[in-house]
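S.K.: Submitted below is the structure of interest, expressed as structure tokens.
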Amino acid sequence: MASSDIRKIFDTSSNNTINLGIGEPDFTTPKHIIEAAKRALDEGKTHYTPNNGIYELREEISKKLKMDYNLDIHPENIIITCGASEGLMLSLMSVVDRGDEVIITDPAFLSYRNLIQLCEGRPVPVKLEEDFSLDIEKVKESITDRTKCIVINTPGNPTGKVMSKEEIKGISDIAEDYNLIVISDEVYDKIIYHKKHHSPMEYTDNCIVVNGFSKTYAMTGWRIGYLYVSENLNSRLNIVDHMIKIHQYSFACATSFAQYGALAALRGDQSCIYEMVREFRRRRDLVVKGLKDVFKLHPPEGAFYIFPNTEEYGTGEEVVKRLMENGILVVPGVAFGKGGLYHIRLSYATKYELLEKAVEIIKETFLGGM
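Numbering follows this note's numbering, with no gaps: position 334 of the sequence shown is 1031.
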């Protein structure tokens, strides 16, 4: 496996550069969540928890899924993980065997490809359309007798695209028709601007959903996430038990006091989410307005990334080099797949004032001589 190109960008940053490469909210974790973790420490909740996480947290997630998406997920089919990254790893390791094929989009979050290869599977990329929508017929054409599952991500990293109800239903129908498992990465499900989030779990039992607290509640360093599986899929494949065994021997459990912080996040005032999303939208609007005359782009519908087309100026890697020379760090689109060759990914999860400055530098870099 190659090292993450995003991490390489991060490692080259300095105090004099504006880093638009890392997908991490710049907000501090809301105070009530921090206080809950402090209380847990003061109360001595510093020991191992059950492998699948404290029951109160799993129960609260179950209630939240029912309230937000009308999903009936039993707490026993929920596993608390060390971030959504572990959730992705457990999902793939529990279903992918050597030689199995896994369909992913192109571009897609770079961890998918590497985790599939870690499982000795073969990633099968399906190129997204020009507007980053997914052609369901292309997915069908990519299916072979070795296809095991499909990985989707909505809202999407790096594109900011929110998959439509029709796309989600189409993927779900494929899962039913071909007996495939959909692994749905939904870590940005609360960071949506004008559209509605849809999950394949609404339409098929052949589904594993991965989510977390990092993006929604600005808890990236807490490393706390979760996954859930439909009762029907679990009863057929005993998949939760497989996941817990991998989790048990790899991580034992998610950090105890972080779980209590996550519990407070779900039970507490949710206005913190709306405030952060409102600010992300304001930043998105700034970046879209500032860069629409520089690059061909599609305004992001969710998450906090924009994925402009660089073809007028060269490959994404060439554009990255020019921007680095001017103190701006972004990620070449090819890091997310061949479909990103003529793109760059910018994260607007940073302060508004820095984004204003970055936009002006980018405009000067490419339009200054006009």
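Don't be surprised by glycine CBs; every beta carbon is placed ideally from N, CA and C. In this text, all values refer to a predicted model and were calculated from it rather than measured experimentally.
1) Following the continuous alpha helix (DSSP H) through GLU641, name the residue where it begins and the one where it ends.
2) Check LYS735 in the structure and name its three-state DSSP category.
3) State the DSSP-derived secondary structure class of ASP797, mapped to helix, strand or coil.
4) Along the chain, where does the alpha helix (DSSP H) that runs through ILE941 open and close?
5) Let me check understanding here. Comparing Cα to Cα, which of LYS866, THR778, PRO772, PRO727 lies closest to CYS950?
6) What residue ranges within the stretch 849-886 form continuous beta strand (DSSP E) runs of no fewer than 3 residues, ordered along the chain?
7) How many Å lie between LEU812 and LEU789 at the Cα?
8) What three-state label does DSSP hand TYR923 in the structure shown?
9) Determine the extent of the beta strand (DSSP E) in which THR778 is found, giving its start and end residues.
10) In or out: SER911 buried (at least 16 other Cβ within 10 Å) or exposed?
11) Enumerate in chain order the residues of its own chain whose CB-to-CB distance from ASP828 is below 6 Å, with the five nearest sequence positions on each side excluded.
12) Specify the secondary structure class of HIS729 as computed by DSSP and reduced to three states.
13) Under a three-way DSSP split, which group does CYS950 fall into?
14) Shortest alpha-carbon distance to SER830 belongs to which of ILE847, THR856, ASP842?
15) Count the CB pairs spanning the stretch 964-984 and the stretch 803-818 that are closer than 8 Å, and state whether there are at least three.
16) How many Å lie between ASP990 and GLY720 at the Cα?
M.R.: Reading off the structure:
1) No statement about residue 641 is possible, as the shown extent of the chain runs from 698 to 1067 and does not include it.
2) If you number the sequence shown from 1, residue 735 lands on position 38. If DSSP states are grouped into helix, strand and coil, LYS735 belongs with the helices.
3) What you label residue 797 is simply residue 100 of the sequence shown in a count that begins at 1. Three-state result, ASP797: coil.
4) For the purposes of this step, residue 941 is identified with residue 244 of the sequence shown, where counting begins at 1. Where ILE941 is concerned, the enclosing alpha helix (DSSP H) stretches over 936-947.
5) The count along the sequence shown starts at 1 and reaches residue 950 at position 253. Looking at the Cα atoms, THR778 is the closest of the given residues.
6) Restricted to the stretch 849-886, the beta strand (DSSP E) segments that are unbroken, complete and at least 3 residues in length are 878-882, listed in chain order.
7) The residue you call residue 812 lines up with position 115 of the sequence shown. The residue you call residue 789 lines up with position 92 of the sequence shown. Using only the alpha carbons, I get a separation of about 7 Å.
8) Your numbering for residue 923 matches position 226 in the sequence shown. Strand at TYR923.
9) On the sequence shown, residue 778 is found 81 positions in, with the first residue counted as 1. Element bounds for THR778: 775-778.
10) Sequence index remark: in the sequence shown, residue 911 carries index 214 (1-based). Result: buried.
11) Position 131 of the sequence shown, counted from the start, is the residue given in the question as residue 828. Hits under 6 Å: HIS995.
12) Residue numbering aside, residue 729 sits at position 32 when the sequence shown is read from its first letter. Reduced to three states, the DSSP call for HIS729 is helix.
13) As a first step, residue 950 must be located in the sequence shown, where it is residue number 253. Of the three classes helix, strand and coil, the one that applies to CYS950 here is coil, per DSSP.
14) On the sequence shown, position 133 is the one that residue 830 refers to. Cα-wise, what sits closest to SER830 is THR856.
15) The stretch 964-984 is not in contact with the stretch 803-818.
16) Locating residue 990 in the sequence shown gives position 293, counting from the first residue. Locating residue 720 in the sequence shown gives position 23, counting from the first residue. Near 24 Å, if we compare the C-alpha coordinates of GLY720 and ASP990.
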